[in-house]
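So the sequence lines, in the order shown, correspond to chains A and B. Counting from 1, one number per residue, gives the positions in the first sequence under UniProt numbering. Counting from 1, one number per residue, gives the positions in the second sequence under UniProt numbering. This report concerns only the one structure given below.
There are 2 protein chains.
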Amino acid sequence: MRSPDVSPRSRSVTLRATAVLGAFDAEHRTLNLSQLSRRSGLPLATVHRLAADLVEGQLLVRRGDGRYEIGARLWRLGLLAPATNLRELALPHLQDLVVATGHTVHLVVPDGAGALVIERLSGTRSTPTRHNPGARLPLHCTAVGKVLLAFAPGPVVEEVTGDLRRHTAYTVTDVRVLHRQLDEIRRTGLARSAQEHRLGVSSVAVPVHGTDGVTAAIGLLASLTGPRLTGALPHLRAAAASVSADLLRSGLAAPSPEEPPAGGRGGDGKSSAQ
Amino acid sequence: MRSPDVSPRSRSVTLRATAVLGAFDAEHRTLNLSQLSRRSGLPLATVHRLAADLVEGQLLVRRGDGRYEIGARLWRLGLLAPATNLRELALPHLQDLVVATGHTVHLVVPDGAGALVIERLSGTRSTPTRHNPGARLPLHCTAVGKVLLAFAPGPVVEEVTGDLRRHTAYTVTDVRVLHRQLDEIRRTGLARSAQEHRLGVSSVAVPVHGTDGVTAAIGLLASLTGPRLTGALPHLRAAAASVSADLLRSGLAAPSPEEPPAGGRGGDGKSSAQ
DNA sequence: CCACGGGTTCCCGGTGACCGGAAACCCGGG
DNA sequence: CCCGGGTTTCCGGTCACCGGGAACCCGTGG
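Printed below as a string of structure tokens:
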């Protein structure tokens, strides 16, 4: 489970294809065939064939210059992930928050031992920006991360506290101290991080409550030189409350539109478009 | 090439796997095994195996109740699509636009004979909302669509004008009239649609200029009962100009970070994480 | 001019992964 | 208890996949 290698001796074709897709990341959004081969660990001839199939299936696109990139079809499929529900629902409130405070806003959900950035908004000004949607943040040294950690299941807490990696001189690496902070967070419903992840950047965050406990966190970022965050706290809490309310109201993570009775014959074969 | 059926006699395993993914759409974000089988047109046993592989590859996730949904991995991969570049770049300006006008904003790009919605923002109020990111809009009866159509290559124009489907009583179905409108759009850089797509909804849109011509369109939506759109035009034009400027400045759709010299040996094998 | 290197495409014989019908299993409802 | 829908497992035949290797393309520099 620790192996960073994604494609050692993948028996199944599907896994190999997945390995090809996995060759793409934030720093490599377009790759030529050879790069694809090297980064996926698959022989050139093999990846040539697989990539051709993926292009035919529209998951990849081959540009004029021969490089591959993620296709619109894959993009659209990704939008069907549950993360999108949360995003759509929260977006208006996040916008209000940006407008009201002028700070950069993060919406994150737990993802293993990390925090997955679902959305990041910042005004045209006021952007110490980084960490676009899709990025992962550590749990122990960001405000949003700490919120999630404070309400995370035991195993996750253990995994995280087992490796408190230092990011800056301010990163909390003492398990004791961290646990005290987590207690405080559970008590107050507010987490802080002062330059613990990046120098010059502070943040505050609050939990978002779903049907089963804390399912997300909303945070504000500010550079030390800009306006302080304290004044924004009421807005932050209000936004989180609104999102939680909408979340519960919409019964997310719930049964979902359950297939219609399907009276007649087979009835499911092929029908709707997006 | 015309067959609407996506998975009739797909030779390659990869295409079958793609067909499984294709079983998901906006109305079917979670599916159980049988639905997956029916919607993908593949035998139960086959889809059972393929889905298991996809789950292992993290493209799908199997929930506690046995249903499948799009996995976070796939979501993140999708974010690597070029559409995301445009979105990130445009987002701040779109927000300003929402704040300044109170209307709902659409950012779309051409996709075959349709318009692909890249982003849709609306204030907490003022939301006749529909058409989330990932949705496709027709080119002949929406403001954003007409903008793209006005600057689209010949074949696309032919395909679209060959089938001017009526959506409401106001839809323009006369090719002559449409062409006159397109001329006007090219002249003025502004497109309108008054209830041509949905009753009670009007829209205006302007083009966004990239390195090679018009690469996107930004539009405003308003219900008939709400405030008029005319007052918002200057803001709309300003936003589009800002996005165009950022787009050209960042040299998008351009070479992209070109692999570093790669001096030493093989050098590309395996390295970065998101 | 040709040699060279990196990327890409094509070929092809061997074999093991894939296929999918069928049967067993599970479970809630009547 | 049986029934029906969904899910999982089994298994032998065969065919699609595999990937080394060679040919091809093209810009570079000697």
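Beta carbons: idealized from backbone N, C-alpha and C, even for Gly.
Item	Value
Please tell me whether A/D163 has its Cβ less than 9 Å away from any Cβ of chain B.	no
With 16 other CB atoms within 10 Å as the buried threshold, where does B/D65 fall?	exposed
For A/V13, decide whether its Cβ has a neighbour in chain B, counting only Cβ atoms nearer than 9 Å.	yes
Does the beta-carbon of B/V204, which I'm using as the reference point, lie nearer than 8 Å to any heavy atom of the ligand MN?	The ligand MN is absent from the structure shown, which contains no ligand whatsoever.
B/R11 to B/H93, Cα distance in whole Å?	46 Å
Using a Cβ cut-off of 7 Å, pull out every chain B residue sitting near A/P82, in sequence order please.	E69
Strictly below 7 Å CB to CB, what residues from chain B border A/G78?	I70, L74, W75, L77, G78, L79
Residues of the region 175-190 of chain A with a CB closer than 8 Å to any CB of chain B: list them in chain order, please.	none
For chain A, find out if any of its Cβ atoms is closer than 9 Å to the Cβ of B/P92; answer yes or no.	yes
Can you pull the chain A neighbours of B/P133, defined as C-beta to C-beta under 7 Å?	L79
Just the Cα atoms here: how many angstroms apart are B/V208 and A/C141?	40 Å
Quick one: what does DSSP say B/E27 is sitting in, helix, strand or coil?	coil
Look at A/V99 and A/H106 and say whether their C-beta atoms are less than 9 Å apart.	no
Could you name the residues of the region 98-122 of chain B whose beta carbon sits closer than 8 Å to any beta carbon of chain A, in the order they occur along the chain?	V98, V99, D111, L116, L121, S122
Name the chain A residues that come within less than 7 Å of B/E88, Cβ to Cβ?	N132
What three-state label does DSSP hand A/A194 in the structure shown?	strand
Are three or more beta carbon pairs between the region 165-180 of chain B and the region 52-66 of chain B nearer than 8 Å?	no
Which partner residues of A/D212 appear in the DSSP bridge assignment?	The partner list for A/D212 (beta bridge, DSSP) is empty, contrary to what the question assumes.
So with CB distances below 9 Å, who are the chain A contacts of B/D246?	What B/D246 touches in chain A: nothing, since even the nearest Cβ is about 10 Å away.
Got a sec, what are the start and stop residues for the beta strand (DSSP E) B/T225 sits in?	Run containing B/T225: none; DSSP gives neither H nor E here.
Give the single residue among B/D246, B/A241, B/S250, B/L229 whose Cα lies nearest to the Cα of B/T101.	B/L229
Which residues in chain A have a C-beta closer than 7 Å to the C-beta of B/D53? List them in chain order.	S12, T14, L15
Sort B/Y170, B/P153, B/L59 by Cα distance to B/H197 and report the nearest one.	B/Y170
With DSSP as the reference, label B/D53 as helix, strand or coil.	helix
Under 9 Å, Cβ to Cβ, is there at least one residue of chain A near B/L199?	no
What are the boundary residues of the alpha helix (DSSP H) that A/G22 is part of?	13-22
By Cβ distance, which residues of its chain are closer than 7 Å to B/D5, with the 5 residues on each side in sequence left out?	Note that B/D5 has pLDDT 38, beneath the 50 cutoff, so the model's placement of it is unreliable and no number is given.
Using a cut-off of 7 Å between C-beta atoms, extract the partners of B/E159 located in chain A.	Result: empty, since nearest Cβ-Cβ is about 17 Å, beyond 7 Å.
Between B/L15 and A/E69, is the Cβ-Cβ spacing less than 9 Å?	no
Is it right to say B/S34 is buried, meaning 16 or more other beta carbons lie within 10 angstroms of its own, or is it exposed?	exposed
Helix, strand or coil: how does DSSP classify B/V172 here?	coil
Please specify which runs of the beta strand (DSSP E), each continuous and at least 3 residues long, are wholly inside the region 62-145 of chain B, giving them in chain order.	68-70, 104-111, 114-121, 136-138
Whose CA, out of A/A143, A/R73, A/P82, A/E119, lies closest to the CA of A/Q181?	A/A143
Between residue 280 of chain B and chain A, is any beta-carbon pair separated by less than 9 Å?	Because chain B here runs from 1 to 274, residue 280 of chain B falls outside it and cannot be looked at.
Taking the alpha-carbon positions, what's the A/A19 to B/R192 distance?	45 Å
For chain A, is any of its Cβ atoms less than 9 Å away from the one on B/L44?	no
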